[in-house]
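First the structure, in the form of structure tokens, and then the observations on it.
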Ligand SMILES: *[C@@H]1O[C@H](CO)[C@@H](O)[C@H](O)[C@H]1NC(C)=O
Ligand SMILES: *[C@@H]1O[C@H](CO)[C@@H](O)[C@H](O)[C@H]1NC(C)=O
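Numbering (my numbering), first residue to last: 3 to 612.
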């Protein structure tokens with residue numbers, strides 16, 4: 003429709019019909035690129051100037067020959083980040099289409115029978131499934147659990163332990179049972195599942211045992227199918243077992259050659275703090291981590307294409323500067339001498355805690371549903387976040403100033419500074435161009451509704467007072483008030499974010515920034531179900547502007563935003579039901595029981611015997 007009659011005629015003259023059909027896109031693109039760029043008025047109340055209709059504008063330009071106008075390609079880096087090519091289209095178009103394609107492929111190739119699942123299991127992991135796999139499959143079929151092959155997270159969590167001599171692994175687990183703070187859940191051949199042991203600091207029992215109840219409650223659903231086991235859990239929010247690169251690699255090597263290493267023969271650890279877990283050739287080890295020198299803000303725009311990879315601080319050492327998980331312990335503790343099989347609600351790329359499908363924060367839905375209007379009926383187009391200043395303890399000798407929640411609130415409320423914004427483009431055939439420098443005072447109050455709620459916590463005087471004065475504190479919001487926002491941000495607290503389940507069940511588009519690849523990572527697709535955001539928030543304004551447009555709504559992609567909001571809620575109701583938590587836990591305990599057995603072969607599933 004953009005093509006004028008004269009241009010159509012011209013094309014007919016210039017080109018053979020078939021070629022013309024192919025090339026018309028290019029001509030259109032070429033002309034679009036010559037269209038004067040309207041200045042971005044991010045917050046200005048006046049409409050952006052339009053090309054006056056009485057001039058003929060770009061249509062009157064002599065037709066460009068259909069030169070090879072191909073938009074530049076973005077670069078997909080090793081660390082899960084797409085590096086933006088200014089001559090390419092806005093990268094979010096591509097990130098979304100690519101993610102949708104991969105997700106659909108995953109859905110299509112999912113196993114439909116037990117036999118297919120066994121074959122796929124062997125293909126992926128080069129061994130037989132654990133004993134009880136047929137019971138697991140029955141549960142999965144009966145409860146309509148989706149993507150029955152996508153449990154690589156279990157494999158990655160357990161695989162290094164296969165390399166430890168089983169007798170030694172049992173001793174390590176036994177020693178762990180008495181380590182403070184922990185509780186052990188298990189059963190023997192005649193008892194039911196319960197807390198069989200605990201070790202807490204004095205006076206902490208009531209607080210720390212709480213999490214065990216919901217875990218047992220989940221396992222209860224499949225108790226009759228679970229072999230005897232004893233599993234030690236950390237009651238805390240974050241992971242606590244730092245890996246040593248040499249130890250973990252040696253164990254993975256042993257596991258892949260189906261041998262095992264005795265505890266006394268493990269390689270010596272190389273104790274260099276957090277980066278002990280990183281490969282000697284990784285960016286973190288090569289650059290080192292100097293917390294006294296904050297990393298400069300990235301000069302080039304990038305977006306996450308692989309969320310799990312992008313969380314790895316070995317690949318992106320800036321994470322050490324930006325997250326309370328790391329800053330709380332400065333350059334990091336000593337790594338573990340062996341791998342310690344301790345379960346926890348979350349882990350990071352450099353820890354080896356075994357992730358559970360945590361029931362904490364799980365909600366069936368948002369009730370009443372009237373508190374959560376349909377996406378189109380939500381009115382507020384600012385990005386919403388409210389929460390407490392958790393994530394680190396705030397005191398004078400602690401590096402809390404750059405921790406993730408403090409940084410979030412400071413950065414998104416900054417008035418006296420600038421934001422380099424990648425302007426939303428009107429079509430995927432347009433070059434995205436250079437970011438535009440915009441004053442914080444123009445963009446932040448217009449686009450962000452982000453602040454702390456309540457009173458400062460996790461702090462000591464005088465830091466509490468400083469925090470209360472320096473940062474915006476806003477009223478707490480009810481679920482109903484939050485329901486009015488189209489865009490909602492989710493960030494980590496002291497550990498993983500317990501509110502993600504609630505948020506993604508709402509009809510809002512959820513932006514998520516985290517360093518914890520959770521249990522469902524293989525079972526969700528960023529850019530399809532939610533919008534992934536980097537820890538340094540360098541893509542936050544850009545992604546938001548892409549969906550909601552500039553201050554006038556120009557360049558908005560509300561259709562794409564609505565798709566994500568709907569897909570997110572749909573995903574939550576299909577992939578994160580109680581049954582999905584049970585199915586994950588069921589499979590995890592089958593795998594774990596085999597791992598902790600002295601006769602792992604006998605604990606494997608044999609297809610023939612059924
Ligand atoms: C199983 O556990 C129960 C309760 O902890 C205990 O009383 C019983 O003796 C155990 N049985 C076996 C066979 O170990
Ligand atoms: C704004 O930033 C400039 C440059 O960093 C600084 O010199 C100035 O004091 C700041 N003004 C306020 C009011 O914070």
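Quick reminder that beta carbons are idealized off the backbone N, C-alpha and C, glycines included.
Could you please give the first and the last residue of the uninterrupted beta strand (DSSP E) stretch that includes residue 366? Looking up residue 366 in the chain shown gives position 364. Looking at the DSSP string, residue 366 is not in any beta strand (DSSP E), and its letter there is neither H nor E.
For ligand 1, residues whose Cβ lies under 7 angstroms from any non-hydrogen atom: 190, 191, 192, 193, 198
Check whether the Cβ atoms of residue 409 and residue 324 lie closer than 9 angstroms to each other. In the chain shown, residue 409 corresponds to position 407, counting from 1. In the chain shown, residue 324 corresponds to position 322, counting from 1. Contact: yes.
Would you grab the beta carbon distance between residue 278 and residue 337 for me? Rounded to a whole angstrom, and I think it's under 8 angstroms. As a first step, residue 278 must be located in the chain shown, where it is residue number 276. As a first step, residue 337 must be located in the chain shown, where it is residue number 335. Their Cβ separation, rounded to whole angstroms, is 4 angstroms, which keeps residue 278 and residue 337 in contact under 8 angstroms.
For a test of the three-state rule: what should DSSP assign to residue 132, helix, strand or coil? Walking along the chain shown from the start, residue 132 turns up at place 130. Strand at residue 132.
DSSP state of residue 491 mapped onto helix, strand, coil: The residue given as residue 491 occupies position 489 in the chain shown. Here residue 491 sits in strand by DSSP.
Between residue 128 and ligand 2, is the CB less than 8 angstroms from at least one heavy atom? The sequence position of residue 128 within the chain shown is 126, counting from 1. No, since every heavy atom of ligand 2 falls outside the 8 angstroms radius drawn around the Cβ of residue 128.
Taking residue 608 as the reference, which of 169, 102, 119, 185 has the closest Cα? Here residue 608 is taken as the residue at index 606 of the chain shown, counted from 1. Checked all of 169, 102, 119, 185; the closest Cα to residue 608 is 119.
Cβ-Cβ separation, residue 380 to residue 487 (assumed contact under 8 angstroms), whole Å: By one-based count along the chain shown, residue 487 stands at place 485. By one-based count along the chain shown, residue 380 stands at place 378. With 8 angstroms as the limit, residue 487 and residue 380 qualify as a contact, their Cβ atoms being about 6 angstroms apart.
Is it right to say residue 531 is buried, meaning 16 or more other beta carbons lie within 10 angstroms of its own, or is it exposed? Here residue 531 refers to the residue found at position 529 when the chain shown is read from its first residue. Looking at its Cβ environment, which holds 16 or more other Cβ atoms inside 10 Å, residue 531 is buried.
Have a look at the DSSP bridge pairing and note the partners of residue 201. Taking the chain shown and counting its residues from 1, the one referred to as residue 201 is at position 199. Paired residues: 184.
Please state if the CB of residue 434 and the CB of residue 543 are separated by a distance shorter than 9 angstroms. As a working mapping, residue 543 is identified with position 541 in the chain shown. As a working mapping, residue 434 is identified with position 432 in the chain shown. For residue 543 and residue 434, no; Cβs fall outside 9 angstroms.
Could you check if residue 418 belongs to the surroundings of ligand 2, using beta carbon to heavy atom distance under 8 angstroms? On the chain shown, residue 418 is found 416 positions in, with the first residue counted as 1. Under cutoff, so the answer is yes.
In angstroms, rounded to a whole number, what distance separates the CA positions of residue 330 and residue 243? Your numbering for residue 330 matches position 328 in the chain shown. Your numbering for residue 243 matches position 241 in the chain shown. Roughly 15 angstroms between the two C-alpha positions.
Would you kindly check if the distance between the Cβ of residue 115 and the Cβ of residue 151 is under 9 angstroms? As a first step, residue 151 must be located in the chain shown, where it is residue number 149. As a first step, residue 115 must be located in the chain shown, where it is residue number 113. Contact: no.
Would you list the residues sitting across from residue 438 in a DSSP beta bridge? Indexing the chain shown from 1 puts residue 438 at position 436. Residue 438 is bridged to 423.
Give me the residue from 303, 400, 367 with the minimum Cα distance to residue 293. If you number the chain shown from 1, residue 293 lands on position 291. Checked all of 303, 400, 367; the closest Cα to residue 293 is 400.
Exposure label - residue 249; buried when at least 16 CB within 10 Å: Locating residue 249 in the chain shown gives position 247, counting from the first residue. Label assigned to residue 249: buried.
At what residues does the alpha helix (DSSP H) containing residue 173 begin and finish? Here residue 173 is taken as the residue at index 171 of the chain shown, counted from 1. Looking at the DSSP string, the run of the alpha helix (DSSP H) that includes residue 173 is 168-178.
Please indicate yes or no: does the CB of residue 160 lie closer than 8 angstroms to some heavy atom of ligand 3? This structure simply doesn't include ligand 3; it includes ligand 1 and ligand 2 instead.
At the level of alpha carbons, what is the spacing between residue 256 and residue 359? Here residue 256 refers to the residue found at position 254 when the chain shown is read from its first residue. Here residue 359 refers to the residue found at position 357 when the chain shown is read from its first residue. Using only the alpha carbons, I get a separation of about 28 angstroms.
Taking 9 angstroms as the cut-off, decide whether the C-beta atoms of residue 299 and residue 538 are in contact. The sequence position of residue 299 within the chain shown is 297, counting from 1. The sequence position of residue 538 within the chain shown is 536, counting from 1. Their beta carbons are under 9 angstroms apart, which means residue 299 touches residue 538 by this criterion.
Touching or not, the region 128-142 and the region 581-594, by the rule of three or more beta carbon pairs under 8 angstroms? Enough Cβ pairs lie closer than 8 angstroms, so yes.
Which one of 213, 165, 285, 198 has the shortest CA to CA distance from residue 252? Within the chain shown, residue 252 is the residue found at index 250, counting from 1. Of the candidates 213, 165, 285, 198, the one whose C-alpha sits nearest the C-alpha of residue 252 is 165.
Excluding the 5 residues preceding and the 5 following residue 490 in the sequence, name in chain order all residues of the same chain whose CB lies nearer than 8 angstroms to its CB. Residue numbering aside, residue 490 sits at position 488 when the chain shown is read from its first letter. For residue 490, the CB contacts under 8 angstroms within the same chain, skipping 5 residues up- and downstream, are 385, 386, 387, 484, 505, 508, 510, 511, 512, 513 in chain order.
Looking at the secondary structure, which residues open and close the beta strand (DSSP E) in which residue 452 lies? Walking along the chain shown from the start, residue 452 turns up at place 450. Run containing residue 452: 450-455, per the beta strand (DSSP E) assignment.
Label residue 177 either buried or exposed according to how many other C-beta atoms from any shown protein chain fall within 10 Å of its C-beta, with 16 as the threshold for buried. Residue mapping note: residue 177 aligns to position 175 of the chain shown, counting from 1. Classification for residue 177: exposed.
Kindly identify the DSSP beta-bridge partner or partners of residue 511. If you number the chain shown from 1, residue 511 lands on position 509. Looking at the DSSP assignment, residue 511 forms a beta bridge with 489.
Whole-Å CB distance - residue 476 paired with residue 453, under 8 angstroms assumed: Within the chain shown, residue 476 is the residue found at index 474, counting from 1. Within the chain shown, residue 453 is the residue found at index 451, counting from 1. Residue 476 to residue 453, Cβ: 4 angstroms. Contact.
Taking the C-alpha atoms as reference points, what is the distance between residue 517 and residue 316? Indexing the chain shown from 1 puts residue 517 at position 515. Indexing the chain shown from 1 puts residue 316 at position 314. Between residue 517 and residue 316, the C-alpha separation is close to 12 angstroms.
Of all the options 92, 573, 492, which has the alpha carbon lying nearest to the alpha carbon of residue 536? Here residue 536 refers to the residue found at position 534 of the chain shown. Cα-wise, what sits closest to residue 536 is 492.
Short of 7 angstroms in beta carbon distance, which residues of its chain neighbour residue 605, apart from the five on each side in sequence? Order them along the chain. Position 603 of the chain shown, counting from 1, holds the residue named residue 605. Only 132, 133, 595, 596, 599 meet the Cβ criterion.
Below 8 angstroms on the Cβ atoms is my guess for residue 213 versus residue 237; work out the distance and round it to an integer in Å. Counted from its first residue, the chain shown places residue 213 at position 211. Counted from its first residue, the chain shown places residue 237 at position 235. Correct: roughly 6 angstroms between the Cβ atoms.
Inter-stretch contact (C-beta, 8 angstroms, three-pair minimum) for the region 348-366 and the region 437-455: no
In terms of alpha-carbon separation, which member of 122, 261, 303, 287 lies closest to residue 86? What you label residue 86 is simply residue 84 of the chain shown in a count that begins at 1. When each option's Cα is compared against that of residue 86, the closest is 303.
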